[in-house]
Amino acid sequence: MTVASAGRLAGQVALVTGAARGIGRAIACRFAAEGADVVLLDVARDIAGCPYPLGTAAQLRTTADRCAALGVTVVTHEADVRDGAAAARAVEQTLDRFGRIDVLVNNAGVAGPSGLPVHEIADDDWRFMIDVNLTGAFTMTKLVVPGMRRGRRGSIVNVSSTAGLVGYRHFAGYVAAKHGLIGLTRAAALDYAPHGVRVNVVCPGSVLDEPDLEGRMLAEIARSLQLPPEESEEVFVRDQPTNRLVRASAVADACLWLAGAGDVTGAVVPVDGGFAVR
Ligand SMILES: NC(=O)c1ccc[n+]([C@@H]2O[C@H](COP(=O)([O-])OP(=O)(O)OC[C@H]3O[C@@H](n4cnc5c(N)ncnc54)[C@H](O)[C@@H]3O)[C@@H](O)[C@H]2O)c1
Numbered sequence: 036m037t038v039a040s041a042g043r044l045a046g047q048v049a050l051v052t053g054a055a056r057g058i059g060r061a062i063a064c065r066f067a068a069e070g071a072d073v074v075l076l077d078v079a080r081d082i083a084g085c086p087y088p089l090g091t092a093a094q095l096r097t098t099a100d101r102c103a104a105l106g107v108t109v110v111t112h113e114a115d116v117r118d119g120a121a122a123a124r125a126v127e128q129t130l131d132r133f134g135r136i137d138v139l140v141n142n143a144g145v146a147g148p149s150g151l152p153v154h155e156i157a158d159d160d161w162r163f164m165i166d167v168n169l170t171g172a173f174t175m176t177k178l179v180v181p182g183m184r185r186g187r188r189g190s191i192v193n194v195s196s197t198a199g200l201v202g203y204r205h206f207a208g209y210v211a212a213k214h215g216l217i218g219l220t221r222a223a224a225l226d227y228a229p230h231g232v233r234v235n236v237v238c239p240g241s242v243l244d245e246p247d248l249e250g251r252m253l254a255e256i257a258r259s260l261q262l263p264p265e266e267s268e269e270v271f272v273r274d275q276p277t278n279r280l281v282r283a284s285a286v287a288d289a290c291l292w293l294a295g296a297g298d299v300t301g302a303v304v305p306v307d308g309g310f311a312v313r
């Protein structure tokens, strides 16, 4: 018996968005280590409107290879969560192949364009932030929920942020989208509670960009705030009651728990080293 076949998600099918790198890679690998077959969705290219490079096809492959090495079935989809038709194809193909989706993790997100006060934000930049960070999760939820409802079971985990709990200067688009994601979670939790489908949200604080995961969001946030790269980690750590940045593995652990946490729905789970309770 492999470790995966004895895991907490053995026999389940999990679709993770934004899985090419960073937190998405950590979640996908954690789920695979617990026996889930994983469907890895990522835009896997740069997109207009985002001021920094996004995940790549090679990075998506790396995540897939790591998951496959754990003995589970892995499928990848290069799709933009803003593109309803592409997202629908990915969901349909998953249902054709596996018959169901047990867990959806809406993790895909972008940190910018950011760095300006509200009155200086271009309308298109505002829409871009809402489209990727909030409407993307709405679209994926809409596509996946009918199958979960038919099976009368399912778990959706949204990845918001401490930016969903408190404000951050010069980050209105991100903050509004991440607050919106918590609102979407709470409303959807009530919509689907009678149908056996749970919807919860994790709120990571400042997560360390680990080379092994190739994530780069904290570096991009620092760039938006014009922090010198050599000082940025120290600036973020200074705000952490735990005196250290959050590890992606802790976010993945929270997602794993919520994926299987019967009776927990509509929960907002900070994974922030105490940042938001100060
Ligand atoms: N890193 C942090 O400090 C931090 C803190 C709080 C919340 N978060 C949230 O965690 C999630 C993951 O962040 P990360 O740090 O791993 O960032 P990252 O930039 O390293 O990875 C994000 C992944 O999402 C993908 N993606 C972006 N837009 C997409 C789209 N439109 N369609 C499909 N895929 C898309 C990217 O290609 C990339 O692979 C995001 O939702 C982010 O807002 C991150």
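Heads up, the sequence shown stops at 313 in the numbering used here, and the numbers go up one at a time, no gaps.
Just so you know, even glycine gets a beta-carbon here, dropped at the ideal spot from N, CA and C.
Since the structure is predicted, the reported quantities are computational estimates derived from the model, not experimental observations.
Straight-line Cα distance separating residue j from residue i
| i | j | result |
| --- | --- | --- |
| Asp158 | Gly106 | 46 Å |
| Leu225 | Ala302 | 11 Å |
| Asp160 | Lys177 | 24 Å |
| Arg43 | Arg204 | 40 Å |
| Ile256 | Ser149 | 8 Å |
| Val51 | Asp72 | 11 Å |
| Glu127 | Cys238 | 29 Å |
Whole-number beta carbon distance between residue j and residue i, since they are thought to touch under 8 Å
| i | j | result |
| --- | --- | --- |
| Cys102 | Ala146 | At roughly 25 Å, the Cβ-Cβ gap does not stay under 8 Å, so Cys102 and Ala146 are not in contact. |
| Asp307 | Gly240 | 3 Å |
| Ile217 | Gly202 | Between Gly202 and Ile217 the Cβ distance is about 13 Å, and since that is not below 8 Å, they are no contact. |
Any non-hydrogen atom of ligand 3 closer than 7 Å to residue i Cβ
| i | result |
| --- | --- |
| Met252 | Ligand 3 is not among the ligands present in this structure, which contains only ligand 1. |
Per-residue burial, residue i [other beta carbons within 10 Å of its own, 16 or more giving buried]
| i | result |
| --- | --- |
| Asn141 | buried |
| Gln94 | buried |
| His112 | buried |
| Glu269 | exposed |
| Ala222 | exposed |
| Ile82 | exposed |
Residue i CB to nearest heavy atom of ligand 1 below 7 Å
| i | result |
| --- | --- |
| Ala55 | yes |
| Asn278 | no |
| Gly202 | no |
| Ala49 | no |
| Val304 | no |
| Ala146 | yes |
| Val167 | yes |
Residue i - DSSP class collapsed to helix/strand/coil
| i | result |
| --- | --- |
| Glu127 | helix |
| Leu139 | strand |
| His112 | strand |
| Pro246 | coil |
| Asp166 | helix |
| Asp77 | strand |
| Cys238 | strand |
| Val272 | helix |
| Thr24 | The requested residue 24 does not occur in the structure, where the chain is confined to residues 36 to 313. |
| Val179 | helix |
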